[in-house]
Amino acid sequence: MCAATALPSQSAEFPAWYGEVVRRAELAESSPVRGAMVIKPYGYAIWEMLQRELDDRIKATGHENLYFPLLQPASVLAREGALVDGFAPEVALVTEAGGRKLEEPLAVRPTSEALIWSTYGRWIQSYRDLPLLYNQWANVVRWELRPRLFLRTTEFLWQEGHTAHETAAEAVAEALTILHDVYADTVESVLAMPVLRGRKSRGERFPGAEDTYTLEALMRDGKALQAATSHYLGQGFARTYDVRYTGRDGTDAYPYATSWGASTRLVGGVVMTHGDDRGLRLPPRIAPHQVVIVPILREADRAGVLQAAAALADALRAAAVRVRVDDRPEHRPGFKFNEWELKGVPVRVELGARDLAAGVVTVVRRDTGEKSEIPVARAAAAAGELLDDVQASLFEAARDERERRTVRDRSGYVELTEYLSRAAGLVEAPWCGRSECEARVKSDSSATIRCLPIDERPAPPGACICCGRPAVTTAVWAQAY
RNA sequence: CGGGACGUGGCGCAGCCUGGUAGCGCACCUGCUUUGGGAGCAGGGGGUCGCGAGUUCAAAUCUCGCCGUCCCGACCA
995 MCAATALPSQ
1005 SAEFPAWYGE
1015 VVRRAELAES
1025 SPVRGAMVIK
1035 PYGYAIWEML
1045 QRELDDRIKA
1055 TGHENLYFPL
1065 LQPASVLARE
1075 GALVDGFAPE
1085 VALVTEAGGR
1095 KLEEPLAVRP
1105 TSEALIWSTY
1115 GRWIQSYRDL
1125 PLLYNQWANV
1135 VRWELRPRLF
1145 LRTTEFLWQE
1155 GHTAHETAAE
1165 AVAEALTILH
1175 DVYADTVESV
1185 LAMPVLRGRK
1195 SRGERFPGAE
1205 DTYTLEALMR
1215 DGKALQAATS
1225 HYLGQGFART
1235 YDVRYTGRDG
1245 TDAYPYATSW
1255 GASTRLVGGV
1265 VMTHGDDRGL
1275 RLPPRIAPHQ
1285 VVIVPILREA
1295 DRAGVLQAAA
1305 ALADALRAAA
1315 VRVRVDDRPE
1325 HRPGFKFNEW
1335 ELKGVPVRVE
1345 LGARDLAAGV
1355 VTVVRRDTGE
1365 KSEIPVARAA
1375 AAAGELLDDV
1385 QASLFEAARD
1395 ERERRTVRDR
1405 SGYVELTEYL
1415 SRAAGLVEAP
1425 WCGRSECEAR
1435 VKSDSSATIR
1445 CLPIDERPAP
1455 PGACICCGRP
1465 AVTTAVWAQA
1475 Y
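1444 is the number that our numbering gives to position 450 of the first sequence; each next residue is one higher, with no gaps.
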């Protein structure tokens, strides 16, 4: 590999590595507006795969899609105090349009609870109208102070679900169904990103939420990424926007709400979870090209090799594999190898006269670099098996890496905060539940509580790592994106 | 908003200190030869140096002001 074209080292300069991978793999680039990015076709193709996986699960759990507008009167947003407190600093306002100053400024949505709940009032009259299970695919704008491609952009794409229910229990169950059956399933089985499932501490909750459920993933630089969130909103929004219905007993009632979202941030998560010094490593289930066939062309056998490549591509397509034959004449094979590795294509097939003569194809997997020769007749089947194996291996490698970087011992407050402040990974430890301790860890290490895990493990008895009082729960700390 | 760096063809940079109207690598275009790990040779196109003002015979270069970008923190999916 030539030094002039090598990527920055992932371990030594992670932010530079990340930016270069996103740019050179042609996922996205920045635009004239600070923090707003252009998502390029290859990056958008990944988003479309992910979008479809999420959308299928959202529908499978009984939801319908609809669409609310980008703009809403600023006063509608302002009615909900929690949203104002939470989002005011990052809301963009339209104050002028059609050549004149507007009577009332319009807010560009930072999220849609306000507009949607101000509308739901007309849609919810009876308990028979419940539950309302709606989702929208949309763009939102949050004026972030420090944007980063995919991870925190001024405008981003996401889905936001907004549901209304008769009972609190039903709403909580909804929020958890989304967390597990939609988000965790997609993120783990499709994106191959292992996640911790948990609740947010009070201080980290969504504005207006009674409970925020979250998926937290560990990136290869030791920081945590919130992969998706699902909120139980109680009756707060219903009360603010005066959404009432006649209940089964004939009296007025306020519905219970949830909202939940996952965004283009996940694309950044895939880069930071699986990428290596050669570039992207895409899990096969979201790879726009799962297999790339690179024909090795020499004048004498050109036609035969191309024909064999086309035949193999047909066989792979018949097996529902997304395949591309890279027959560009302007580049030599070595260039293509590097380019497709940078772009993270899970499996590469090399096919030249040498292979044809031997009745084999050369197959290389991106995750391990392992190279093997496979009889042509078995190539399509073998590629399918290999893709499954790459998918599973990426997940296992990421899970092992997370475990390796998770500290569970009680070595002492100073050691733990030191571990956290250099973003070495996760700390899982008992917590007394008091925000004083949460704040102290943050000021000592700049790490925050990522979640209070809701997995199978019972909260271990013990003393709060910070103050030593009896713990009420286990908490997971880390530096966060 | 605080700290740091930087704005020069598409991208990455040099030139600035010691003013004399722009150069390198990659990319791009044409042709030929190549093709199993980022090809070679030959030819070619493209910028007036972030913006504004000033000094000067002359400004990418010196002075002043402004704007913008990136990185590190506080806010955040």
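Every residue gets a Cβ at the ideal spot worked out from N, C-alpha and C, and that includes glycine.
Inset, instruction - Would you tell me roughly how many angstroms separate the C-alpha atoms of V1176 and A1169, rounded to the nearest one? - result: Working through the first sequence from its first residue, we reach residue 1176 at position 182. Working through the first sequence from its first residue, we reach residue 1169 at position 175. The C-alpha of A1169 is placed about 10 Å away from the C-alpha of V1176.
- Task: Give the straight-line distance between the Cα atoms of D1236 and S1112, rounded to the nearest whole angstrom.
- Result: Looking up residue 1236 in the first sequence gives position 242. Looking up residue 1112 in the first sequence gives position 118. About 8 Å.
| task | Name the one or two DSSP bridge partners that C1445 has. | result | Position 451 of the first sequence, counting from 1, holds the residue named residue 1445. In DSSP, C1445 forms a bridge with V1470.
Practice problem: Alpha carbon to alpha carbon, how far is R1292 from A1418? Give it in angstroms, no decimals. | Solution: Locating residue 1418 in the first sequence gives position 424, counting from the first residue. Locating residue 1292 in the first sequence gives position 298, counting from the first residue. Those two C-alpha atoms are separated by around 50 Å.
Practice task
Starting from D1205, follow the beta strand (DSSP E) in both directions and report where the run begins and ends.
Solution key: Against the first sequence, residue 1205 aligns to sequence position 211. Following the DSSP letters along the chain, one finds D1205 inside the beta strand (DSSP E) bounded by residues 1205-1212.
Rounded to the nearest angstrom, what separates D1308 and L1276 at their Cα positions? Counting from 1 along the first sequence, the entry for residue 1308 is found at position 314. Counting from 1 along the first sequence, the entry for residue 1276 is found at position 282. Distance from the CA of D1308 to the CA of L1276, rounded to the nearest whole angstrom, comes to 22 Å.
With DSSP as the reference, identify every bridge partner of F1150, one or two as the case may be.
Working through the first sequence from its first residue, we reach residue 1150 at position 156. BP columns for F1150 point to V1134.
- Item | Short Cβ contact (8 Å threshold) for V1355 with L1345 | Looking up residue 1355 in the first sequence gives position 361. Looking up residue 1345 in the first sequence gives position 351. It is a contact, given that the beta carbons lie within the stated cut-off.
Residue environment, H1325, which counts as buried when at least 16 other CB atoms sit within 10 Å | Residue numbering aside, residue 1325 sits at position 331 when the first sequence is read from its first letter. That one is exposed.
Original post:
With a Cβ-Cβ cutoff of 8 Å, do V1319 and A1294 count as a contact?
Top reply: What you label residue 1319 is simply residue 325 of the first sequence in a count that begins at 1. What you label residue 1294 is simply residue 300 of the first sequence in a count that begins at 1. No, these two residues do not count as a Cβ contact at 8 Å.
#### Entry: Cα-Cα separation between D1383 and R1017, rounded to whole angstroms
Here the question's residue 1383 lines up with position 389 in the first sequence. Here the question's residue 1017 lines up with position 23 in the first sequence. Spanning the two alpha carbons is a distance of roughly 28 Å.
Ends of the beta strand (DSSP E) at T1411?
Locating residue 1411 in the first sequence gives position 417, where the first residue counts as 1. Element bounds for T1411: not the beta strand (DSSP E) but the alpha helix (DSSP H), 1407-1415.
Residue range of the unbroken beta strand (DSSP E) whose run includes E1107:
Your numbering for residue 1107 matches position 113 in the first sequence. Run containing E1107: none in the beta strand (DSSP E); it sits in the alpha helix (DSSP H), 1107-1117.
* When every heavy atom of the ligand NAP is checked, does at least one fall within less than 7 Å of the C-beta of L1212? -> Within the structure as shown, the ligand NAP is missing, as the structure has no ligands at all.
### Query
Hey, R1444 and P1188: beta-carbon distance below 8 Å or not?
Position 450 of the first sequence, counted from the start, is the residue given in the question as residue 1444. Position 194 of the first sequence, counted from the start, is the residue given in the question as residue 1188. With respect to P1188, R1444 sits apart: the two C-beta atoms are not nearer than 8 Å.
Please work out which residues of its chain come closer than 8 Å, Cβ to Cβ, to T1258, disregarding the five sequence neighbours upstream and downstream, and give them in chain order. For the purposes of this step, residue 1258 is identified with residue 264 of the first sequence, where counting begins at 1. Short of 8 Å from the beta carbon of T1258, and not among the five residues preceding or following it, lie these beta carbons of its own chain, in chain order: I1033, W1041, F1144, T1147, F1150, L1151, W1152.
**Prompt:** According to DSSP, is Y1128 helix, strand or coil?
**Reply:** Locating residue 1128 in the first sequence gives position 134, counting from the first residue. Residue state for Y1128 is assigned as strand, using DSSP reduced to three classes.
Three Cβ pairs or more, each shorter than 8 Å: is that satisfied between the region 1089-1103 and the region 1216-1225?
Taking 8 Å as the limit for Cβ pairs, the verdict is that the region 1216-1225 does not touch the region 1089-1103.
Taking the straight line between their C-alpha atoms, what separation do you get for G1216 and L1274?
Translated into the one-based positions of the first sequence, residue 1216 becomes position 222. Translated into the one-based positions of the first sequence, residue 1274 becomes position 280. In this structure, the CA atom of G1216 is about 18 Å from the CA atom of L1274.
Exercise for the section: With distances taken Cα to Cα, identify the nearest neighbour of V1134 among F1062, H1159, R1122, R1116. Expected result: Here residue 1134 corresponds to residue number 140 of the first sequence, with the count starting at 1. Ranking F1062, H1159, R1122, R1116 by Cα distance to V1134 puts F1062 first.
field: Distance between T1055 and L1173 (C-alpha atoms, nearest Å)
entry: On the first sequence, position 179 is the one that residue 1173 refers to. On the first sequence, position 61 is the one that residue 1055 refers to. One C-alpha to the other measures close to 12 Å.
- Cα-Cα separation, A1132 to E1154: Here residue 1132 corresponds to residue number 138 of the first sequence, with the count starting at 1. Here residue 1154 corresponds to residue number 160 of the first sequence, with the count starting at 1. A1132 and E1154 have their C-alpha atoms spaced approximately 8 Å apart.
Own chain partners of R1399 with C-beta closer than 7 Å, once the 5 adjacent residues on each side are dropped: Sequence index remark: in the first sequence, residue 1399 carries index 405 (1-based). Contacts found: L1212, G1216, A1418, G1419, L1420.
Our contact map puts V1341 next to L1381 with C-beta atoms below 8 Å; I'd like the distance itself, whole angstroms only. Taking the first residue of the first sequence as 1, we reach residue 1341 at position 347. Taking the first residue of the first sequence as 1, we reach residue 1381 at position 387. V1341 to L1381, Cβ: 6 Å. Contact.
Whole-angstrom distance between Q1473 and S1003, CA atom to CA atom: One-based indexing of the first sequence puts residue 1003 at position 9. One-based indexing of the first sequence puts residue 1473 at position 479. C-alpha separation (whole angstroms): 21 Å.
Quiz item: If you count every other CB in all the chains shown that lies within 10 Å of the CB of M995, and 16 or more means buried, which is it?
Solution: Stepping through the first sequence from its first residue, residue 995 is reached at position 1. Unreliable positioning characterises M995 in this predicted model, as indicated by a pLDDT of 33, which lies under 50. The coordinate reading is nonetheless provided below. Label assigned to M995: exposed.
Worksheet item: Where DSSP assigns a beta bridge to E1023, which residues make up the other side?
Response: Your numbering for residue 1023 matches position 29 in the first sequence. Bridge partners of E1023: V1032.
- Where does A1086 fall in DSSP's three states? What you label residue 1086 is simply residue 92 of the first sequence in a count that begins at 1. Per DSSP, reduced to three states, the secondary structure at A1086 is strand.
Would you mind sorting W1117 into buried or exposed? The rule is 16 or more other CB atoms within 10 Å of its CB. For the purposes of this step, residue 1117 is taken as residue 123 along the first sequence, with counting starting at 1. Result: exposed.
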